[in-house]
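Undergrad:
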Amino acid sequence: MTAPQSISAKKPAGRRPRIVINADDLDHIEALAEGAMVRNPALADRLLEELGRARIVPAAKMPETVIGIGSTATYRDETTGQEKTVTLVYPEDADIAQQRVSVMTPIGVALLGLAKGAAFYWDTRNDQRRTLTVIGVEQPPVAGAP
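Numbers given in this note's numbering equal positions in the sequence shown, counted from 1, plus 206.
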């Protein structure tokens, strides 16, 4: 298996997948990260690091194949072959029973800004290293669209 775009906690200088963030979401996500500095500094640092390297684009230019707040993403765990579909949301909208994952969770931070086809390393809460590949991205309907 080849994963040309991956991130590794042990090789921070390694090549990471490019990420794109919707400018409309940036302030809210930054505020969440700043607020999490006391409760979960490692996660907050990771999110701020990701935001720092992201390409910020206006909502109208956000690629449809990129995961943002409200996007539904399907990813495959390359270790188990298991596929999972989740919707990335703000913490107040999270509901794991409905596969609504907060951007303020390890998997939420990992998925934010990734494009379909990107592969990346992710450490689970049990410190298990997994390689995940984004295999599908769907955007929420646009308000007022036909």
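C-beta atoms are modelled at their ideal positions from N, C-alpha and C, and glycine is treated no differently.
Taking the alpha carbon of Glu284 as the reference point, which residue from Val226, Pro346, Glu240, Tyr327 has its own alpha carbon closest?
TA: Of the listed residues, the one whose Cα sits closest to Glu284 is Tyr327.
Undergrad: What residue from Glu289, Leu318, Leu338 has the CA that sits closest to Arg252's CA?
TA: Nearest C-alpha to Arg252: Leu318.
Undergrad: Could you pull out every residue in the same chain whose Cβ sits closer than 8 Å to the Cβ of Pro218, ignoring the five residues on either side in sequence?
TA: Caution applies to Pro218, whose pLDDT of 38 falls short of 50 and renders its modelled position unreliable; the model cannot decide the point.
Undergrad: In or out: Arg335 buried (at least 16 other Cβ within 10 Å) or exposed?
TA: Per the 10 Å Cβ criterion, exposed.
Undergrad: Looking at the structure shown, is Glu289 part of a helix, part of a strand, or coil, going by DSSP?
TA: Of the three classes helix, strand and coil, the one that applies to Glu289 here is strand, per DSSP.
Undergrad: Please classify Ile227: does DSSP put it in a helix, a strand, or coil?
TA: Three-state DSSP puts Ile227 in a strand.
Undergrad: Considering just the uninterrupted stretch of the alpha helix (DSSP H) at Glu255, what are its terminal residues?
TA: Where Glu255 is concerned, the enclosing alpha helix (DSSP H) stretches over 247-259.
Undergrad: Helix, strand or coil: how does DSSP classify Ile341 here?
TA: Ile341: strand per DSSP, three-state reduction.
Undergrad: Are the segment 337-347 and the segment 273-293 touching by the rule of at least three beta carbon pairs closer than 8 Å?
TA: Touching, yes.
Undergrad: Which partner residues of Gly329 appear in the DSSP bridge assignment?
TA: The question names Gly, yet the displayed sequence has Asp at residue 329. Bridge partners of Asp329: Arg335.
Undergrad: Taking just the CA atoms, how far does Gln288 sit from Ala242?
TA: Ala242 and Gln288: Cα-Cα distance of roughly 30 Å.
Undergrad: What residue does the alpha helix (DSSP H) around Ala316 start on, and which one ends it?
TA: Looking at the DSSP string, the run of the alpha helix (DSSP H) that includes Ala316 is 312-317.
Undergrad: Look at Ala265 and Asn228 and say whether their C-beta atoms are less than 7 Å apart.
TA: Cβ distance < 7 Å, so Ala265 and Asn228 count as in contact.
Undergrad: For Glu255, which option in Ile225, Asp231, Gly274, Val263 has the closest C-alpha, if you only look at C-alpha atoms?
TA: Of the candidates Ile225, Asp231, Gly274, Val263, the one whose C-alpha sits nearest the C-alpha of Glu255 is Ile225.
Undergrad: Do you know how far the Cα of Ile313 is from the Cα of Thr291?
TA: So the two alpha carbons sit approximately 12 Å from each other.
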